[in-house]
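K.L.:
If you use my numbering, the sequence shown corresponds to residues 2 to 211, in order.
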Amino acid sequence: ALAEMLFDGDDDNQKLIQPELLCIDIQSRAGTNTTEALREVLDDDIFENNCRVLGGTSHAPLPQPRNSKSVGLICYNLGWLPGSSADDKSAFSTKMVTTMYSLTDAVLMLRVGGLLSVMTYPGTTPQEADAVKYFAEGLAALTTRDKAGWQGYVDAIPPDADGSGATTVRDSVRTSLERVVQNGDPKQTWRAYEHKPLGRPLSPILITAM
């Protein structure tokens, strides 16, 4: 769907803007599946010239597009590839620390007004899902009028439920926001949103920030 929206058939517009679709997954099989799906909906020349599929590639650090100054949308679908074996789930499932590093790369890469979209899975990776939610809300807190500032927001993040992680959600969010403060555009004002079904606490939750 993203490919069809990005490459809408306006040849003149595409030549002028030169849009690029960059797809990344740690599992090579996911890269193969993505390539096949894109070739079904795109002309060969568009796929060859405007798409890159990086299978077997980590999202941390986040690979750079051709034009890193004009990135309008970065989407994540966390977790693992549906249909994966138990071993693949263990080996390739996204992890909080690398996901947060990648999300920070994404925030620093997005142009002002760009959109970050992250599908999280609190039913299977609750620590990672919490970290993503608090990070997105922390982006909005960077311009808060609260006297405690964004640091006060981070200090108020509750302790991890199981207490088993070497790196806590609070630590991870603090580290990520510090990078944004140090390297991001000071004029950027973030708005963050949580999209979830009511009455289903373990369902996937979409977090967006722009």
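By construction, the Cβ of each residue, glycine as well, lies at the ideal position given by its N, Cα and C atoms.
1. What would DSSP say about A92, mapped onto helix, strand or coil?
2. Could you check which residue in S173, T145 and R146 has the C-alpha nearest to that of S105?
3. To the nearest angstrom, report how far apart K188 and L116 are at their CA atoms.
4. I think I25 touches L55, with their Cβ atoms under 8 Å apart; what is that distance to the nearest whole Å?
5. Thinking just about the alpha-carbon of each residue, which of D186, S59 and R67 is nearest to the one in L79?
6. DSSP three-state label for G115, please.
7. So, at 7 Å on beta carbons, what are the nonlocal neighbours of M120 in its own chain, with the 5 sequence-adjacent residues on each side left out?
8. Note down the Cα distance separating A210 from K197, rounded to an integer number of angstroms.
9. Going by beta carbon distance, what residues of the same chain come within less than 7 Å of D44, once the five residues before and after it are set aside?
10. Between W81 and the rest of its own chain, which residues show a CB-CB distance below 6 Å, the 5 nearest in sequence each way excluded?
P.N.:
In short:
1. Three-state DSSP puts A92 in a helix.
2. The sequence given here has Thr at residue 105, not Ser. If we check each option's Cα against that of T105, S173 comes out closest.
3. The straight-line gap separating the alpha-carbon atoms of K188 and L116 is approximately 16 Å.
4. Their Cβ separation, rounded to whole angstroms, is 5 Å, which keeps I25 and L55 in contact under 8 Å.
5. Each of D186, S59 and R67 was checked against the Cα of L79, and the nearest Cα belongs to S59.
6. In the three-state reduction of the DSSP assignment, G115 falls in the strand class.
7. Setting aside the 5 residues that flank it on each side, M120 is surrounded in the same chain by Y77, N78, L79, P205 and L207, each with a C-beta closer than 7 Å to its C-beta; the list follows chain order.
8. Whole-angstrom Cα-Cα distance: 15 Å.
9. None.
10. Here the set comprises K90, F93 and S94.
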